[in-house]
């Protein structure tokens with residue numbers, strides 16, 4: 016997840032850099048999204064990836080607790096106390112990464128049209144997969 020987040024966080028350079036206006040590409044037709052909207056989508060994408068980097072660090076702490084449990088260095092009561100927090104962090108990580116890809120895909124729509132919408136569709140499918148996995152995790156806990 017950290018590798019994916021670092022990849023997504025590199026979009027910051029694109030946000031502050033020079034970008035081609037989608038209106039120039041689609042002229043004379045109006046673009047699906049304006050340059051301002053594309054920058055907003057990329058900004059939301061960057062934020063989602065950047066926050067997922069922080070949450071990946073927090074989840075590393077939770078994994079350290081699980082490692083201590085496996086070695087018998089920590090009691091079951093402490094693990095039960097921290098398991099809900101670990102599940103919340105796991106849920107947030109999954110949702111942030113998919114959200115990052117969704118907004119990156121929406122910014123692609125302004126430049127490549129139908130291909131961008133296909134990626135948006137895949138992102139929506141990934142939301143469904145993530146929600147299914149999260150429900151399974153919470154039921155197992």
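In our numbering, the protein residues as written are 16 to 156. We treat Cβ as the ideally placed atom computed from N, Cα and C, and that holds for glycine. As the structure is a computational prediction, the values presented were derived from the model and not from experiment.
Assigned secondary structure, residue i (DSSP; H/G/I helix, E/B strand, else coil)
i, result
"residue 44", "coil"
"residue 39", "helix"
"residue 49", "coil"
"residue 32", "coil"
"residue 136", "helix"
"residue 131", "helix"
Endpoints, alpha helix (DSSP H) assigned at residue i
i, result
"residue 119", "91-127"
Member of the options whose CA lies at the smallest distance from the CA of residue i
i, options, result
"residue 145", "109, 92, 103 and 36", "109"
"residue 54", "129, 34, 98 and 100", "34"
"residue 118", "38, 57, 43 and 45", "57"
"residue 98", "86, 115, 153 and 64", "153"
"residue 106", "92, 45 and 147", "147"
"residue 32", "115, 50, 141 and 140", "50"
"residue 116", "103, 71 and 134", "134"
"residue 150", "78, 125, 96 and 103", "103"
"residue 40", "128, 90, 85 and 89", "128"
"residue 46", "126, 139, 155 and 140", "126"
Beta-carbon separation (whole angstroms), residue i vs residue j, contact threshold 8 Å
i, j, result
"residue 136", "residue 123", "With 8 Å as the limit, residue 136 and residue 123 do not qualify as a contact, their Cβ atoms being about 12 Å apart."
Residue i classed as buried or exposed, judged by whether at least 16 other C-beta atoms fall within 10 angstroms
i, result
"residue 112", "buried"
"residue 67", "buried"
"residue 121", "buried"
"residue 114", "buried"
"residue 157", "Given a span of 16 to 156 for the chain in the structure shown, any question on residue 157 remains unanswerable."
"residue 169", "Not covered by the structure: residue 169. The range shown for the chain is 16 to 156."
"residue 70", "buried"
"residue 63", "buried"
Heavy atom of the ligand GTP within 7 Å of residue i beta-carbon
i, result
"residue 106", "The ligand GTP is absent from the structure shown, which contains no ligands of any kind."
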